[in-house]
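Residue numbers (full-length UniProt numbering): 1 to 781.
Structural data, given as structure tokens:
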């Protein structure tokens, strides 16, 4: 095969590989063309290859404080042109840039431009390598030609075995991730491209010019690793500065097509110096856009994050919600911190912390094993938390893992240390990790400050910012699902201990406030809440009937007083501004054997489908003692025609549901119901005492899955439903099949069925027409 044909085949191969990219991290099946989204980065020429080991966020902050001064900017297509004062073209160009600034995307852009004949057309072959793939070959031997053939099979198939007669460019991306011993002083000298040796020897000789002295080399690195290449080997140093202020605005205006929304976000970012500075980094712009897009989508008015910690907490919450909806098939309103999500975050946090201490940004199987994570679990994590943790395949299908950005790793590391201290009283920042006194929080944060100050290059600076930020009560509220539930029990036990010491000062203070009526639960400290719980449990006051509104009509009050609710027989929680979050806590309490609740009134609270499902899950436990659960259906389904729902449970496991509506029809049209609501309604239709005659579920996205569930209730001999309206419910022929099967049952009472604005197709229509032809069955609209 001739060289031009090989070049053409190589361009075709590389174009296919690099023409599409994924912002942030890959999403299978959702590629974006690089040329469509690429924005020119601000790149400067100059500087040295000497190390700058200051924390990269500090470098960004320092650069933002410098006054504007003339700098020589350079376009990526000019890297290998002759520099000023030099007659020859540049052989080696070193490009520096902090993590997430766009180095890898820039390499892909240069390769793509070459494949499309837009730049560097004097180059016949471009061979791209990443150090994370080269690391896998640490213990193997290759000649330079064999190494190229190993990555680029096109050149091997062409029969080309030497490259001295061609213009060649090697791209070495990610020097900072190199785990090869690049010993430029002691490695053997090698000049023959056909002689086999270790990969690190090949690289040092290629960089020094002993191998292929005519080849161009482009090396990218984070600043701290720049000194691994001898300065005398580098012809030009460039630095990617990321986004300028106008480019930041351009990014967000492109991301948010709504001009008003885009302007609001840009204004908000400008008000926070830390956010505005971090937005020099394209990946942080993406993280910010991801968070704000979700927050503005789910609610119109909400306080937007002002600090880095708030932004990263919300970013983690967004990913947990995506997991809940996409992988667990839950609703967006469902609690997002499932046990599986908590375990994943704990494992990733442990990995982040241990590898941050070692200075590792990429992880191989051995690194995962050290943290107790097997390779299969890591693959699951990368597939679920796709925008936090990613998996890449190197040679021979070896897997390489990393966090999407260094700051994400630092945040998760801080979260792991913080949660370990809160949940287990263990200070991971001490050499001897012993259990410490919870009152010694000052020592915990002092040890974190000391640890950060000990770092010669400040690599724990951002970690420390996150750790301190996580101590804020508002931030801990956002992470409530990751905190253990033993905190309240421990606090209450401390009051028993104080009682043994005859120290009742705080308890007496709360008692006096209660008796005088001056207690304000909005201003209670955690210790005062615990004292209130201790008093109520000790005095047995309100243990027969507990009315939350005596203390506060808020969700926070319920969560604080949950031990009291669990110990009483009747709990009145109506009109207390409760949500599905309260349902999750109550459901957990109902599942405990020591829960004494017999009657629970949750009327006039916005619980939604997800909240009702959580409460029903608590009732299904065999030893649950709850006998009556009262809810206001207008709060669940937003329909004034529906009055009240009572749920009864007998001594067995069966849960019976009964609507009390004085024989009025149930109209739940356009109530955003899903198949979960169909499960409840199917139970109603199947109940032996069911009196429901008319049901309107129009304009809800029930789909075929909901129709199938509802049909099981229609098929029940106890069902007395006569009229069913399902206009615009996205039902197809498959849902019609389930429906017709139920209607054909001899015991069916259904006489009127409205399926207009659905998609039954011809097959579904024929099935329905067959039913209407039978006078013993129904009429159809």
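Cβ coordinates follow ideal geometry from the N, Cα and C atoms, glycine included.
Beta-carbon proximity check, residue i vs residue j, cutoff 8 Å
| i | j | result |
| --- | --- | --- |
| residue 447 | residue 467 | no |
| residue 72 | residue 89 | no |
| residue 129 | residue 168 | no |
| residue 170 | residue 147 | no |
| residue 406 | residue 361 | yes |
| residue 630 | residue 601 | yes |
| residue 225 | residue 175 | yes |
| residue 570 | residue 555 | no |
| residue 685 | residue 719 | yes |
| residue 669 | residue 609 | no |
| residue 14 | residue 111 | yes |
| residue 722 | residue 761 | no |
| residue 311 | residue 291 | yes |
| residue 345 | residue 482 | yes |
| residue 340 | residue 318 | no |
| residue 596 | residue 625 | yes |
| residue 785 | residue 558 | Missing from the structure shown is residue 785; the chain here goes from 1 to 781 and no further. |
| residue 151 | residue 212 | no |
| residue 416 | residue 350 | yes |
| residue 104 | residue 173 | yes |
| residue 579 | residue 606 | yes |
Cβ shell of residue i (< 6 Å), same chain only, five flanking positions each side left out
| i | result |
| --- | --- |
| residue 101 | 240, 242, 281 |
| residue 268 | 304 |
| residue 725 | 696, 698, 754 |
| residue 137 | 199 |
| residue 710 | 678, 682 |
| residue 770 | none |
| residue 734 | 704 |
Cβ neighbours of residue i in the same chain (closer than 8 Å, five flanking residues each side left out)
| i | result |
| --- | --- |
| residue 122 | 167 |
| residue 197 | 141, 142, 143, 188, 190 |
| residue 452 | 458, 460, 461, 463, 464 |
| residue 16 | none |
Cβ neighbours of residue i in the same chain (closer than 7 Å, five flanking residues each side left out)
| i | result |
| --- | --- |
| residue 289 | 252, 255 |
| residue 617 | 587 |
| residue 414 | 463, 466, 467, 470 |
N-terminal and C-terminal residue of the alpha helix (DSSP H) that residue i is part of
| i | result |
| --- | --- |
| residue 787 | The structure shown has nothing for residue 787, since the chain only spans 1 to 781. |
| residue 567 | 562–567 |
| residue 239 | Where residue 239 is concerned, there is no enclosing alpha helix (DSSP H), although the beta strand (DSSP E) it sits in stretches over 236–242. |
| residue 613 | 608–619 |
| residue 203 | 199–208 |
| residue 249 | 245–255 |
| residue 445 | 441–454 |
| residue 113 | 103–115 |
| residue 571 | Residue 571 -> not in any alpha helix (DSSP H); beta strand (DSSP E) instead, spanning 570–572. |
| residue 469 | 461–469 |
| residue 360 | Looking at the DSSP string, residue 360 is not in any alpha helix (DSSP H), and its letter there is neither H nor E. |
| residue 18 | 3–18 |
| residue 844 | Here the chain has residues from 1 to 781 only, and residue 844 is not among them. |
| residue 410 | 406–424 |
Residue interval of the beta strand (DSSP E) (run including residue i)
| i | result |
| --- | --- |
| residue 219 | 216–221 |
| residue 552 | First-last for residue 552: undefined, no H or E at that position. |
| residue 429 | Unbroken run through residue 429: none, as it is neither H nor E. |
| residue 754 | 752–754 |
| residue 758 | Residue 758 -> no beta strand (DSSP E), and no H or E assigned at all. |
| residue 696 | 694–696 |
| residue 96 | 92–96 |
| residue 45 | 42–45 |
| residue 368 | No beta strand (DSSP E) holds residue 368; the alpha helix (DSSP H) holding it covers 365–370. |
| residue 782 | With the chain represented from 1 up to 781, any question about residue 782 goes unanswered, as that position is not in the structure. |
Closer than 7 Å: residue i CB and nearest the ligand MN heavy atom
| i | result |
| --- | --- |
| residue 92 | Of ligands this structure carries none, so the ligand MN is not represented either. |
How do the segment 220–232 and the segment 244–255 stand: do at least 3 beta-carbon pairs fall below 8 Å, yes or no?
-> no
Continuous alpha helix (DSSP H) assignments of at least 4 residues falling wholly in the segment 698–742 = Correct list: 703–714.
So does the segment 720–733 actually touch the segment 699–707, counting three or more Cβ pairs closer than 8 Å?
-> The segment 720–733, when compared against the segment 699–707, does touch it at the 8 Å Cβ threshold.
Just checking, does the segment 590–605 make contact with the segment 553–566 on the three C-beta pairs under 8 Å criterion?
-> In the pairwise beta carbon analysis, the segment 590–605 is classified as touching the segment 553–566: at least three pairs are separated by under 8 Å.
Ordered list of alpha helix (DSSP H) runs contained in the segment 120–182, each at least 4 residues = 131–134, 144–151, 153–158
Given 8 Å as the limit, is there contact between the segment 346–360 and the segment 129–139, that is, 3 or more CB pairs closer than that?
-> no
State whether the segment 4–21 contacts the segment 113–120, with contact taken as three or more CB pairs (one from each stretch) at a distance under 8 Å.
-> yes
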